[in-house]
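In this text, residue positions in the sequence shown follow the working numbering: the first is 2, and each later residue adds one. Just so you know, even glycine gets a beta-carbon here, dropped at the ideal spot from N, CA and C. Working notes, structure below.
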Amino acid sequence: MLKRIIVIILLVFNGLYITAQKIKTQERKAKLQTWRAALHRPDSNDVVFNFTLEKINNKPVIIIMNGTERLRVDSIICIGNDSMFIKMPVFESSFRAKKVNDNNWEGVWNRGTTSKDIELPFTAKKADNRFPLIHGNAKYNITGRWRVSFANDKSKEESSVGEFVQKGNKLYGTFVTPSGDYRYQEGVVTGDKLFLSGFDGGHAFLFTATVKDSKTITDGTFFSGPKYKEGFTAIKDANAKVNTSSVSMALRPGEERLNFHFPDTEGKDVSINDERFKNKVVVIQILGSWCPNCMDETAFLSDYYNKNKQKGVEMIALAYEYSTDLNRSVKSLRKFQQRFNMQYPILITGVVVNDTLRTEKTLPQVTPIRVFPSTIFIDKKGKVRKFETGFFGPGTKEYEEFKKEFYKTMDKMLSE
Numbered sequence: 002m003l004k005r006i007i008v009i010i011l012l013v014f015n016g017l018y019i020t021a022q023k024i025k026t027q028e029r030k031a032k033l034q035t036w037r038a039a040l041h042r043p044d045s046n047d048v049v050f051n052f053t054l055e056k057i058n059n060k061p062v063i064i065i066m067n068g069t070e071r072l073r074v075d076s077i078i079c080i081g082n083d084s085m086f087i088k089m090p091v092f093e094s095s096f097r098a099k100k101v102n103d104n105n106w107e108g109v110w111n112r113g114t115t116s117k118d119i120e121l122p123f124t125a126k127k128a129d130n131r132f133p134l135i136h137g138n139a140k141y142n143i144t145g146r147w148r149v150s151f152a153n154d155k156s157k158e159e160s161s162v163g164e165f166v167q168k169g170n171k172l173y174g175t176f177v178t179p180s181g182d183y184r185y186q187e188g189v190v191t192g193d194k195l196f197l198s199g200f201d202g203g204h205a206f207l208f209t210a211t212v213k214d215s216k217t218i219t220d221g222t223f224f225s226g227p228k229y230k231e232g233f234t235a236i237k238d239a240n241a242k243v244n245t246s247s248v249s250m251a252l253r254p255g256e257e258r259l260n261f262h263f264p265d266t267e268g269k270d271v272s273i274n275d276e277r278f279k280n281k282v283v284v285i286q287i288l289g290s291w292c293p294n295c296m297d298e299t300a301f302l303s304d305y306y307n308k309n310k311q312k313g314v315e316m317i318a319l320a321y322e323y324s325t326d327l328n329r330s331v332k333s334l335r336k337f338q339q340r341f342n343m344q345y346p347i348l349i350t351g352v353v354v355n356d357t358l359r360t361e362k363t364l365p366q367v368t369p370i371r372v373f374p375s376t377i378f379i380d381k382k383g384k385v386r387k388f389e390t391g392f393f394g395p396g397t398k399e400y401e402e403f404k405k406e407f408y409k410t411m412d413k414m415l416s417e
């Protein structure tokens, strides 16, 4: 009888605890308010995004929202009662913000580059919308796959794809190009106009266009950062594919192995010829801490490595940064390592990303590196077996195909 009473009491307390947690979660959600931030370009084509602000463990935390992505920003330094310094979690990117009142902020967004830093004024206000429905409800639904032509495509053979999901007026999607994808974009279709935007700290994108009908998009403009803009058009095509031949890599004639050594973020020299990598399947990741697609690939590769390293897998990341300043590179790359729990080494090549001879100076055995990230697979005998270029991340439908192909390649090489 006593045991039965104890069980009943435990069940009651467990039920009360679960109920209390649900109430706490509901109260937390109720307290969250959505903000609308705008990065103000000189041409008035603002890049907008949404975020929430909350306190976790009594510290301010910002969650940036792009489609289904939730980007946590928890490096926030409060200065006095009205100012903040907000450091983005991966890139050389930060905000200086001042509280105008309880509903409005203003300040500056700063991002490092290979030369002069980018700076754009920004404002933020409490608002649920991303884009107003200035032309009323959507005239057309553009859900599906689209063949996209950007004005600056290098050749007629180059092809890009738009992937969209429209729910009422709300629009989610991305653009997939030979050099990678534009990650998570969110916006609206209002009347016959399309608006999409995305901000991840590394890049700030805005897409606008006219939806001529359910199968045709015209007068498109892609805006990036403070100045760049490019036209585009699109035709609905369920079979549209991205042609990545323009960014492919290969071994140079007569070559079959790589031969390199560079310092890691702790200053230790690491070589592909080290004992650690012998008789292992080795994945070489070509990246930069400035690269959003590299962020997505690293999240996948780091997770794979941490789960499979005991099977005879090794990985090495080769970093091409914005500067030859070692301290600057180490600072950015350590942040990258910590964010993705990278247990494999990142090597600092010491060659800037925009160096036209970057490949010849670092990996002379292969044809030019044309896109970041790129991936090289090396078998247990130390021979290069495969190149992967044009990575497409979790914001695209191609991501599942990428994972399947990666698993297939690794399983085959590990079984040999």
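Buried or exposed by the 16-neighbour rule on C-beta atoms within 10 Å, applied to G81: exposed
Buried versus exposed, by CB contacts within 10 Å (16 or more), Y408: exposed
Exposure label - Y229; buried when at least 16 CB within 10 Å: exposed
N- and C-terminal bounds of the beta strand (DSSP E) containing L348: I347 to I349
From V91, W106, F50 and P227, residue whose alpha carbon lies closest to that of D83: W106
Identified DSSP bridge partners for T53: T35 and I64
Distance between N307 and S150 (C-alpha atoms, nearest Å): 39 Å
Segment limits, beta strand (DSSP E) that includes A235: Y229 to K237
Contact under 8 Å by Cβ, V284 with M250: no
Residue burial classification, H262 (beta-carbon count within 10 angstroms, cutoff 16): exposed
For F403, the first and last residue of its enclosing alpha helix (DSSP H): E399 to S416
Rounded separation between K25 and K413 - CA only: With a pLDDT of 47 at K25, under the threshold of 50, the modelled position of this residue cannot be trusted, and the question is left open.
C-alpha distance - S94 paired with I87, whole-angstrom precision: 9 Å
Residue span of the alpha helix (DSSP H) that contains R340, given as start and end: L327 to R340
K362 - containing alpha helix (DSSP H), residue span: R359 to T363
Cβ-Cβ distance between G174 and Q186 below 8 Å: yes
Residues near F243 in its chain [Cβ-Cβ closer than 8 Å; skip 5 each side]: At residue 243 the sequence reads Val, which differs from the Phe that was named. S160, S161, V162, V177, T178, P179, G391, F393 and E399, listed in sequence order.
R258 - DSSP class collapsed to helix/strand/coil: coil
Whole-angstrom distance between K99 and N294, CA atom to CA atom: 31 Å
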